[in-house]
Amino acid sequence: ARAVLTAFRGEILSVVRDPRDDPAAVRYEPDGLLVVEDGVVVARGPHDALVARFAGVPAERLGGLIVPGFVDAHVHYPQLDRIASHGEQLLDWLERHIFPAEQAFADRAHADAVAAAFLDELLRHGTTSALVFATVHEGSVDALFEAALARDMRIVSGKVLMDLGPQGLRDTPETARGDSEALIARWRGRGRLGYAVTPRFALTSSDAQMAAAGDLLAAHPDVLLHTHLAENPRECAAVAARFPDAADYLDVYDRFGLVNARSVFAHGCHLTDRSCARLAATGAGIATCPSSNLFLGSGFLDLAQADRFGVALALGSDVGAGTGLSMLHTAGLAYQAALARDVRLDPFRALYWATAGGAAMLHLSDRIGALEPGQEADFVVLDDAATPLMARRTRGATLAERLFALQILGDDRAIRATYLRGRRAGSFT
Ligand code: GUN
Ligand code: ZN
């Protein structure tokens, strides 16, 4: 088949590495050209430098700031319809609001309907890739993967392991192993999907089940490990009570072989220095979820501590505990969570977390995250004048000021369009 070349002209920004380590990681063309062949970026740079080479390729002009499609490094699709549930911190919120909602995913038709709505909402918010919790039900993963395949989205997910969960939402070490193996076999290599072994958290898995999770990781070097870590003080106290011999919360997972470079831990609000050193040494990452942490009164990531040890970081909405699917909104709250501890989060670093940093944590840096040649052309067109107030605030502003305003003031209203592999997604405007 003949290759299909398309090009997009506009203002292009990406952050290919953590700018804290490398200020040259910010790539910016005020008048750029992005050339896409069969969904993959083949060239990207200043329009004037590339236009002669691609003279025959029609360029679509995009008004707005083109950035890589957002990566949500931690979100729960079955909790979509329980966002904004009032009145409880983590453990009571799970019991009262979340576990009843997740029981409904035993019904495949319900899972299909929510998966479709969830993915359409991600696209509407500019999120093209995500690491997603499903439920304990095998069919909840099939529903999400089928819907993601139909939309050509990059989704990593897995069946939740929770043999100590509530009545009606419990598996066993054996079914956890068998269902996970079946899902891995059924979905491996299809579309842009990936699998994550997903024990809910230390409190909902027996020792035998956590050992089974370790076995799954050892048997399948291409899958991720996705779980929660040190989110809420009462949760941390319960983990310490159940595992008196563990050095700390992370050590519980470590003892079952669950801590390595392919591990993604959500939250990490209450980490020991030892845990941070261990995360950095293994290459395991923290998906920080500031809107969730504020909503559930959990605390916040200690960014200065994480940076002292060089812990890899990315950004998660953690909906339904999170208060929105927008990674702009989430980045704005990450700034505020850091400032509460007197640390200034740079807006380019926040953009890195929401794009290439998330891609790195999902081991997808070769595919997505920075609109570099060879990567898939997943991108978003941002409107920094999406509201009258945003227009006032960004008029005549520097790039850094505009990006910061997008994070503090922006949300889905600032998403003008979302593109998957060079093709416009959905029909929303
Ligand atoms: N810890 C265990 N399960 C959950 C969950 O569903 N949401 C959050 N935020 N934390 C958890
Ligand atoms: Zn979560």
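Sequential numbering from 367 applies to the sequence shown in the UniProt record's numbering. Cβ atoms here follow ideal geometry from the backbone N, Cα and C, with glycine treated the same way. It should be emphasised that the depicted structure is a prediction, and the values quoted were computed from it without experimental measurement.
{"Query": "Extent of the continuous alpha helix (DSSP H) to which residue 860 belongs", "Result": "Examination of residue 860 is not possible in this model, given that the chain is present from 367 through 795 alone."}
{"Query": "Close-in-space but distant-in-sequence residues of the same chain around phenylalanine 794 (CB under 7 Å, 5 per side omitted)", "Result": "Low confidence applies to phenylalanine 794: its pLDDT is 45, below 50, so where it sits in the model is not reliable, and the reading given next is rough at best. Cβ within range, chain order: Arg490."}
{"Query": "Proximity below 8 Å, CB of valine 630 to CB of histidine 594", "Result": "no"}
{"Query": "Close Cβ partners of serine 641 (< 6 Å) along its chain, the five nearest in sequence each way excluded", "Result": "Asp614 and Leu616"}
{"Query": "Contact shell at 7 Å, judged by CB to any heavy atom of the ligand ZN, ordered along the chain", "Result": "His440, His442, Phe499, His594, Ala632, Cys655, Ser658, Asp684 and Ala687"}
{"Query": "Assumed close pair leucine 737, arginine 375 - CB separation to whole angstroms, cut-off 8 Å", "Result": "Going by Cβ atoms, the distance from leucine 737 to arginine 375 rounds to 14 Å, so no, they are not a contact pair."}
{"Query": "Where phenylalanine 794 falls: helix, strand or coil (DSSP)", "Result": "Low local confidence applies: a pLDDT of 45 at phenylalanine 794 is under 50, so the model's placement there is unreliable, and no value is given."}
{"Query": "Bridge partner(s) assigned by DSSP for isoleucine 781", "Result": "Leu748"}
{"Query": "Contact test: arginine 448 Cβ vs the ligand GUN heavy atom, cutoff 7 Å", "Result": "no"}
{"Query": "Proximity of leucine 694 and glycine 724 at Cβ, strictly below 8 Å", "Result": "no"}
{"Query": "Cβ-Cβ distance between glutamine 492 and glycine 435 below 8 Å", "Result": "The amino acid occupying residue 492 in the given sequence is glycine; glutamine does not appear at that position. Closer than 8 Å, so yes."}
{"Query": "Cβ contact (3+ pairs, closer than 8 Å) linking the stretch 481 to 488 and the stretch 557 to 567", "Result": "no"}
{"Query": "Arginine 410, DSSP secondary structure in three states", "Result": "strand"}
{"Query": "Paired residues, beta bridge with tyrosine 394 - DSSP", "Result": "Leu379"}
{"Query": "C-alpha gap between proline 610 and valine 618, whole angstroms", "Result": "10 Å"}
{"Query": "Beta-carbon separation (whole angstroms), glutamate 468 vs leucine 691, contact threshold 8 Å", "Result": "At roughly 18 Å, the Cβ-Cβ gap does not stay under 8 Å, so glutamate 468 and leucine 691 are not in contact."}
{"Query": "Same chain only: Cβ atoms within 6 Å of histidine 463, ignoring 5 sequence neighbours per side", "Result": "Arg448 and Ser451"}
{"Query": "Leucine 460 beta carbon near the ligand GUN (any heavy atom closer than 7 Å)", "Result": "yes"}
{"Query": "Proximity test, isoleucine 652 beta-carbon vs the ligand GUN heavy atom, cut-off 7 Å", "Result": "no"}
{"Query": "Phenylalanine 666: CB within 7 Å of a non-hydrogen atom of the ligand GUN", "Result": "no"}
{"Query": "Sheet register partners of valine 677 (DSSP bridge)", "Result": "In the DSSP output, where bridge partners are listed per residue, valine 677 has none listed."}
{"Query": "Of the listed residues Thr784, Leu456 and His503, nearest to alanine 475 (C-alpha basis)", "Result": "His503"}
{"Query": "Glycine 560 - DSSP class collapsed to helix/strand/coil", "Result": "strand"}
{"Query": "Minimum C-alpha distance to phenylalanine 420 - residue among Glu540, Ser658, Glu403 and Gly649", "Result": "Glu403"}
{"Query": "Nearest neighbour of leucine 456, chosen from Ile652, Leu662, Ala606 and Arg782 [CA to CA]", "Result": "Leu662"}
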